[in-house]
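**Q** Here the sequence shown is numbered in UniProt numbering, starting from 1 and rising by one per residue.
Glycine included, C-beta positions come from ideal geometry on N, C-alpha and C.
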Amino acid sequence: MAEDIKDTKSSNQMWGGRFASGPSAIMEEINASIGFDKKLYAQDIRGSKAHATMLAHQGIISGEDKDKILHGLDTILSEIESGQFTFSRKLEDIHMNIEARLAELIGPAAGRLHTARSRNDQVALDFRLWVKEELQRTEQALTGLISAFLSRAEEHADSVMPGFTHLQTAQPVTFGHHCMAYVEMFGRDRQRVRHAIEHLDESPIGAAALAGTGYPIDRHMTAKALGFREPTRNSIDTVSDRDFALEFLSIASIAATHLSRLAEEIVIWSTPQFGFIRLSDAFSTGSSIMPQKKNPDAAELVRAKTGRINGSLIALLTVMKGLPLAYSKDMQEDKEQVFDAAESLELAIAAITGMVTDMTIRTDKMKAAAGSGYSTATDLADWLVREAGLPFRDAHHATGHAVALAEKKGCDLAELSLEELQAINAAITADVFNVLTVEASVASRKSFGGTAPDEVRKQIAWWRARN
Ligand code: ARG
1 MAEDIKDTKS SNQMWGGRFA SGPSAIMEEI NASIGFDKKL YAQDIRGSKA
51 HATMLAHQGI ISGEDKDKIL HGLDTILSEI ESGQFTFSRK LEDIHMNIEA
101 RLAELIGPAA GRLHTARSRN DQVALDFRLW VKEELQRTEQ ALTGLISAFL
151 SRAEEHADSV MPGFTHLQTA QPVTFGHHCM AYVEMFGRDR QRVRHAIEHL
201 DESPIGAAAL AGTGYPIDRH MTAKALGFRE PTRNSIDTVS DRDFALEFLS
251 IASIAATHLS RLAEEIVIWS TPQFGFIRLS DAFSTGSSIM PQKKNPDAAE
301 LVRAKTGRIN GSLIALLTVM KGLPLAYSKD MQEDKEQVFD AAESLELAIA
351 AITGMVTDMT IRTDKMKAAA GSGYSTATDL ADWLVREAGL PFRDAHHATG
401 HAVALAEKKG CDLAELSLEE LQAINAAITA DVFNVLTVEA SVASRKSFGG
451 TAPDEVRKQI AWWRARN
């Protein structure tokens with residue numbers, strides 16, 4: 001597409017009737033949106049073709065004019081796609097750029113296209129169509145990410161790692177279980193995307209400036225032709241509403257927050273101190289000065305993109321919050337936020353999917369860390385409840401003594417002798433050593449949604465059937 005925006009057209013040619021002189025250069029600068037809304041060219045042309053077809057079907061324009069319009073619009077589509085179209089800033093936006101070119105191509109018939117519509121319903125249509133397609137792309141991307149996690153979870157349903165709370169070792173879990181936590185998060189994001197597609201699936205075209213139109217249009221026909229479930233029901237709301245853009249941005253912000261938490265874990269796990277994973281060369285960078293370094297730049301940038309996406313949500317919420325009904329030009333500021341967030345989100349999902357697929361899981365390091373920090377203390381307490389009949393609070397207390405002793409001796413719980421344990425509670429037998437290993441600990445957590453490998457495999461199967 002031609003990037004340069006020329007100013008060869010005559011100013012205010014679309015409404016010249018009422019205006020004696022053209023806009024000042026500054027007015028033109030602040031007013032024009034063609035620099036970014038040219039991204040909507042395909043949606044604008046689709047919308048215009050559906051509108052013109054409906055106008056002819058309803059006898060509002062002639063079949064001959066409709067044919068000229070459709071042919072002209074097809075020509076414009078190929079001019080834009082082959083980089084031959086000259087965008088003009090004097091023509092403000094994509095809608096007027098296309099209409100002006102249509103007039104050059106087909107003459108007076110072009111002037112009939114804008115019957116029974118306004119740029120207000122036109123832009124609402126174009127933007128909805130674009131956001132709908134972007135939501136569909138996001139759904140696909142999330143499905144890819146979920147599937148990457150399912151593979152890693154399957155591979156590591158038995159690999160033990162430390163589970164953390166407060167980033168302090170809590171209880172052993174499996175890496176597969178940890179992966180499945182992200183599957184749940186991205187699965188919810190995908191549900192939100194699907195709901196948003198349902199919410200926006202109404203066609204705005206025909207709401208006109210705000211009040212509807214006196215022409216006998218058929219909004220159900222255009223809705224159907226454009227792949228919408230039905231037309232919107234209130235013409236004032238239709239041209240005032242940007243919920244679909246806000247909903248996209250809030251979904252994007254929540255998904256980006258999930259991606260950012262994962263990115264943070266990737267950063268932590270790939271430090272030499274943790275050493276739980278090794279990132280592939282494809283997703284890390286070196287240092288220009290320190291030859292030993294391998295940096296998780298992609299993860300850090302995913303973490304940072306979240307700030308940018310959240311910023312877009314706040315920006316558009318703030319644009320919309322004070323607007324009286326119906327359309328105000330403020331709303332032109334909706335597109336850049338959505339375009340930028342969409343690009344960032346797509347890139348972040350792709351980068352994370354690549355990292356998750358490629359990273360090496362260092363099961364030896366994970367297992368060693370899982371056993372340290374007295375991570376099986378809860379298992380000892382549970383054993384005392386189950387086998388020795390202690391109330392949980394007493395078992396907790398006795399286990400606290402065992403941890404303190406092990407800490408004093410600088411050893412693990414499993415390295416305490418039977419005598420030492422019996423001195424803490426006489427009911428303890430050698431059987432206790434069966435629960436003090438990390439493997440026994442994870443295998444015992446068979447509650448629904450728990451970390452036991454068999455349970456994790458059930459979760460994986462549930463998701464496989466739904467991905
Ligand atoms: N470029 C405008 C936008 O993006 C199109 C709608 C203009 N409507 C108007 N009444 N000036 O919002």
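#1: If distances are taken between C-alpha atoms only, which option among Phe87, Ser147, Arg128 and Ser21 comes closest to Ala461?
#2: Using CA coordinates, which residue listed in Gly449, Ile361 and Ala406 is at the minimum distance from Val160?
#3: If I measure Cβ to Cβ from His199 and keep anything under 8 Å in the same chain, skipping five residues before and after, which residues do I get?
#4: Touching or not, the stretch 201-208 and the stretch 219-228, by the rule of three or more beta carbon pairs under 8 Å?
#5: Looking only at its chain, what residues have a beta carbon closer than 6 Å to the beta carbon of Ile106, apart from the 5 residues adjacent to it on each side?
#6: Out of Glu387, Lys408 and Arg466, which one is the CA nearest neighbour of Ala427?
#7: With a threshold of 8 Å, establish whether the CB of Ala255 neighbours any heavy atom of ligand 1.
#8: Would a C-beta distance cut-off of 9 Å place Ala348 and Leu301 closer than the cut-off?
#9: Can you give me the start and stop residues for the alpha helix (DSSP H) that Met161 sits inside?
#10: Looking at ligand 1, does it come within less than 8 Å of Tyr182, judged from the CB to the closest heavy atom?
#11: Are the beta-carbon atoms belonging to Glu28 and Arg117 less than 9 Å from one another?
#12: Taking three-plus beta-carbon pairs below 8 Å as touching, is the stretch 362-378 in contact with the stretch 429-447?
#13: Roughly how many whole angstroms lie between the Cα atoms of Thr174 and Thr451?
#14: Given this structure, state the Cα-to-Cα distance separating Pro108 from Leu317, to the nearest angstrom.
#15: Tell me whether Ala304 sits in a helix, a strand or coil according to DSSP, three-state version.
#16: Starting from the N-terminal side, write out each stretch of the beta strand (DSSP E) that is 3 residues or longer and does not extend beyond the stretch 292-343.
#17: Suppose the cutoff is 7 Å on Cβ atoms and the five residues either side in sequence are ignored; what does the same chain contact list for Pro231 look like?
#18: Under DSSP, the alpha helix (DSSP H) around Val435 begins and ends at which residues?
#19: Between the stretch 38-53 and the stretch 125-139, do three or more beta carbon pairs fall short of 8 Å?
#20: May I have a chain-ordered list of the beta strand (DSSP E) segments no shorter than 3 residues that lie completely inside the stretch 105-133?
#21: Would you report the Cα separation of Arg229 and Ile80, rounded to the nearest angstrom?
#22: Relative to ligand 1, is the shortest distance from any of its heavy atoms to the C-beta of Ser33 smaller than 8 Å?
#23: My understanding is that Val193 touches Ile254, with C-beta atoms under 8 Å, so please give their C-beta distance in whole angstroms.
#24: Between Ser235 and Gly212, how many whole angstroms is the CB-CB distance? I'm expecting something under 8 Å.
#25: With 16 other CB atoms within 10 Å as the buried threshold, where does Thr429 fall?
#26: Buried or exposed: where does Cys179 fall if 16 or more other Cβ atoms within 10 Å of its Cβ makes it buried?
#27: Comparing the CB of Glu92 with every heavy atom of ligand 1, is any distance shorter than 8 Å?
#28: Suppose the cutoff is 6 Å on Cβ atoms and the five residues either side in sequence are ignored; what does the same chain contact list for Ala209 look like?
#29: By Cβ distance below 6 Å, which residues in the same chain neighbour Ile45 in space, the five residues on each side in sequence not counted?
#30: Quick check: the Cα distance between Ser62 and Ile98, rounded to an integer number of angstroms?
#31: Roughly how many angstroms separate the alpha carbons of Asn467 and Ala350, rounded to a whole number?
#32: Keeping to the same chain, check which residues put their C-beta closer than 6 Å to that of Asn310; ignore five residues upstream and five downstream.
#33: I'd like to confirm something about Gln332: is its beta-carbon nearer than 8 Å to some heavy atom of ligand 1, or not?
#34: Put Ala402 into one of helix, strand or coil per three-state DSSP.
#35: Closer than 6 Å by C-beta to Gly176: which residues in its own chain qualify, once you throw out the five before and the five after it? Chain order, please.
#36: According to DSSP, is Arg242 helix, strand or coil?
**A** Straight from the coordinates:
#1: Among Phe87, Ser147, Arg128 and Ser21, the Cα nearest to that of Ala461 belongs to Ser147.
#2: That would be Ile361, whose Cα lies nearest to the Cα of Val160.
#3: If we look at His199 and ignore the five residues flanking it on each side, its Cβ neighbours are Asp243, Phe244 and Glu247.
#4: Three or more beta-carbon pairs drawn from the stretch 201-208 and the stretch 219-228 are found closer than 8 Å, and the two stretches are therefore classed as touching.
#5: If we look at Ile106 and ignore the five residues flanking it on each side, its Cβ neighbours are Lys68 and Gly72.
#6: The residue with the shortest Cα to Cα distance from Ala427 is Glu387.
#7: It does not: the Cβ of Ala255 is nowhere closer than 8 Å to a heavy atom of ligand 1.
#8: In contact: Ala348 and Leu301 (Cβ atoms closer than 9 Å).
#9: Counted as a single uninterrupted DSSP element, the stretch harbouring Met161 is not any alpha helix (DSSP H) but the beta strand (DSSP E) occupying residues Val160 to Thr165.
#10: The answer is no for Tyr182.
#11: No, they are not a contact pair.
#12: With the cut-off at 8 Å, the stretch 362-378 and the stretch 429-447 touch.
#13: In this structure, the alpha-carbon of Thr174 lies about 6 Å from that of Thr451.
#14: Separation of Pro108 and Leu317 (C-alpha to C-alpha, rounded to the nearest whole angstrom) is 41 Å.
#15: Reduced to three states, the DSSP call for Ala304 is helix.
#16: Within the stretch 292-343, no complete beta strand (DSSP E) run reaches 3 residues.
#17: Closer than 7 Å at the Cβ level, and outside the excluded window around Pro231, lie Glu202, Ser203, Gly206, Arg219, His220 and Ala223.
#18: No residue range can be given for Val435, since it is assigned to no alpha helix (DSSP H) and is classified by DSSP as neither H nor E.
#19: The stretch 38-53 makes contact with the stretch 125-139, as at least three CB pairs between them are under 8 Å.
#20: Runs found: none.
#21: Rounded to whole angstroms, Arg229 to Ile80 spans 29 Å at the Cα level.
#22: In this structure, ligand 1 has a non-hydrogen atom nearer than 8 Å to the beta-carbon of Ser33.
#23: Wrong, their Cβ atoms sit about 10 Å apart, outside the cutoff.
#24: About 4 Å separates the two Cβ atoms, so the contact holds.
#25: Classification for Thr429: exposed.
#26: Around the Cβ of Cys179, a 10 Å sphere holds 16 or more other Cβ atoms; the residue is buried.
#27: Within the cutoff, so yes.
#28: Once the five neighbours on either side are set aside, the close Cβ partners of Ala209 are Ser118 and Asn120.
#29: The answer, listed in chain order, is Leu73 and Leu77.
#30: Cα-Cα distance, rounded: 21 Å.
#31: Cα-Cα distance, rounded: 17 Å.
#32: Closer than 6 Å at Cβ, skipping near neighbours: Ser253.
#33: If you check the C-beta of Gln332 against ligand 1, you find a heavy atom less than 8 Å away.
#34: Looking at Ala402 - three-state DSSP - the assignment turns out to be helix.
#35: Excluding positions up to five away in sequence, the list reads Ala153, His156, Ala157 and Val456.
#36: Three-state result, Arg242: coil.
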